[in-house]
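Enquirer: Numbering (the UniProt record's numbering), first residue to last: 1 to 403.
Backbone N, C-alpha and C fix where the C-beta goes; we use that ideal spot for every residue, glycine too.
Small disclaimer: the values here were computed from a predicted structure and weren't measured.
Please read through the structure below; I'll follow up with questions.
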Ligand code: HEM
């Protein structure tokens, strides 16, 4: 089949369990123009260079009319994920100030105790069950609770965030067209409800500030001024979207990989201090984010003699870059103590993952506890059923027999 249909094949549900041979095919060339008008890039050094290239925009308003994704520009106020400098930098700076020193307490470090309690309670709930679903019973409920705690959403309000996060995530799919109305409507409805709730909470935190991140964001005025309510609402929702399904998939892909490599699982049980390195390797080997489809050149660019015209959709295949043998020795092997592991699983450049310290800590704490406490875990089906989303790729269920 032609290389011009690679995007279609990569995003085809039938290939979700194992898209890696397609990435190998993609890496045979530096840039693969697609029948749908987009351009795919999958070699490590090209992906890295493009992530750092100021000619590449993250703002869909730069898409040429009629090209994939162009119809999604202007859905409402944009989070900084979808903005370019200088707006991106201003909003990211304002948000970063509330994430840790020197301007605010080290929120991630101070959350260790709460995270440990969440993880312990979730694993306690698995005790005595012969068969568990790592997704529904553990990985899914965890990150939404974590982001609620980070922002300072009252505990009793958390359940509604779980429902909203589900609806929002369902709509992040590059194959979505404006015809997929049901999902789009549900996501819009969820976004509206979440926005209204957050706006109310922000007003409350302006009047009665606490020591949570939302209070900090609502009241801080540094050199960049203050976030207004719309910016604050939009960017809090970004934290939920960006930090939810990604973390679910890190934990689930992580357990799947360990169950496929029982010797590694045993090693980590014996040497828990290796878990942070193993999580890093998981971010390379089975990254939760496979494709970045939000990029557009703002001028014509040339890659290896191929012109990528201004306004065209440019898709950066992070999961392919992470398996590039030009960059990683034994790229298709899971090596839990890999050295020199500068993967792009958390992106790179100005949009590199804002939540990276939290993502790493969540992955480490969750996997360490599962490894320590699940007695004799065995995969029930391999491959497990996958969610349809090819961007945020991960199993829908991961059934494991224990005991
Ligand atoms: C950006 C991955 C968890 C917040 C990104 C990007 C990647 C990524 C690949 C780059 C996007 C781009 O270049 O367009 C992941 C993975 C995670 C994770 C794999 C979990 C394992 C989190 C968490 C949070 C978060 C927990 C929030 C607390 C963000 C934000 C951005 C981002 C706000 C946008 C940064 C910007 O545009 O400047 N993430 N992420 N992420 N991530 Fe994460």
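Identify, in the order they occur along the chain, each residue of the same chain with its Cβ nearer than 7 Å to the Cβ of residue 122, setting aside the five sequence neighbours on each side.
Expert: 138, 141, 142
Enquirer: Should residue 366 be listed as close to the ligand HEM, given that the test is whether its C-beta is under 6 Å from any heavy atom?
Expert: no
Enquirer: Are the CB atoms of residue 264 and residue 336 within a distance shorter than 7 Å?
Expert: yes
Enquirer: May I ask whether a heavy atom of the ligand HEM can be found less than 6 Å away from the beta carbon of residue 429?
Expert: Given a span of 1 to 403 for the chain in the structure shown, any question on residue 429 remains unanswerable.
Enquirer: Just the C-alpha distance for residue 354 and residue 96, rounded to the nearest angstrom, thanks.
Expert: Approximately 8 Å between the Cα atoms of the pair.
Enquirer: Can you name, in chain order, every residue of its own chain whose Cβ lies under 7 Å from the Cβ of residue 44, other than the five neighbours on each side?
Expert: 321, 324, 326, 327
Enquirer: Just to confirm the assignment, what range does the beta strand (DSSP E) spanning residue 399 have?
Expert: 399-401
Enquirer: Could you check if residue 242 belongs to the surroundings of the ligand HEM, using beta carbon to heavy atom distance under 6 Å?
Expert: Yes.
Enquirer: Between the Cα of residue 266 and the Cα atoms of 370, 302, 234, which residue gives the shortest distance?
Expert: 370
Enquirer: Mark residue 345 as exposed unless 16 or more other C-beta atoms lie within 10 angstroms of its C-beta, in which case mark it buried.
Expert: buried
Enquirer: Helix, strand or coil: how does DSSP classify residue 387 here?
Expert: Three-state result, residue 387: coil.
Enquirer: Are the region 285-304 and the region 52-68 touching by the rule of at least three beta carbon pairs closer than 8 Å?
Expert: yes
Enquirer: With a threshold of 6 Å, establish whether the CB of residue 246 neighbours any heavy atom of the ligand HEM.
Expert: Flag set: Cβ of residue 246 near the ligand HEM.
Enquirer: So what does residue 379 bridge to, in DSSP terms?
Expert: 400
Enquirer: Less than 6 Å between the CB of residue 323 and some heavy atom of the ligand HEM, yes or no?
Expert: False, no ligand heavy atom lies under 6 Å from that Cβ.
Enquirer: Please classify residue 120 as buried or exposed, where buried requires at least 16 neighbouring CB atoms within 10 angstroms.
Expert: Exposed.
Enquirer: If we count the other Cβ atoms within 10 Å of its Cβ and call it buried at 16 or more, is residue 157 buried or exposed?
Expert: By the 16-neighbour rule on beta-carbons within 10 angstroms, residue 157 is exposed.
Enquirer: Relative to the alpha-carbon of residue 146, which residue among 22, 312, 118, 27 has its alpha-carbon at the smallest distance?
Expert: For residue 146, the nearest C-alpha among the options comes from 118.
Enquirer: Take residue 206 and list the residues in its own chain whose beta-carbon comes closer than 6 Å to its own, dropping the five residues that flank it on each side.
Expert: The residues are 218.
Enquirer: Can you tell me whether residue 313 sits near the ligand HEM, meaning its C-beta is under 6 Å from at least one heavy atom of the ligand?
Expert: no
Enquirer: Whole angstroms is fine: what's the gap from residue 195's alpha carbon to residue 357's?
Expert: 26 Å
Enquirer: Evaluate residue 249 with the Cβ neighbour count: other Cβ atoms within 10 Å of its Cβ, from every protein chain shown; 16 or more gives buried, anything less gives exposed.
Expert: buried
Enquirer: Nearest by alpha-carbon distance to residue 312: which of 148, 15, 68 is it?
Expert: 68
Enquirer: Could you tell me which uninterrupted beta strand (DSSP E) segments, each at least 3 residues in length, are contained entirely in the region 80-110, listed from first to last along the chain?
Expert: none
Enquirer: Residues in the same chain with beta-carbon distance under 7 Å from residue 368, minus the five sequence neighbours each way, listed in chain order, please.
Expert: 272, 275
Enquirer: Does the beta-carbon distance from residue 190 to residue 170 come in below 7 Å?
Expert: Contact: no.
Enquirer: Quick one: residues in its chain with C-beta nearer than 8 Å to the C-beta of residue 133, no 5 flanking neighbours on either side, listed in chain order?
Expert: 397, 398, 399, 400
Enquirer: Beta carbon of residue 92: closer than 6 Å to some heavy atom of the ligand HEM?
Expert: Remark: the shortest separation between the CB of residue 92 and any heavy atom of the ligand HEM falls under 6 Å.
Enquirer: Enumerate in chain order the residues of its own chain whose CB-to-CB distance from residue 404 is below 8 Å, with the five nearest sequence positions on each side excluded.
Expert: The requested residue 404 does not occur in the structure, where the chain is confined to residues 1 to 403.
Enquirer: Under three-state DSSP, which class holds residue 374?
Expert: Residue 374: coil per DSSP, three-state reduction.
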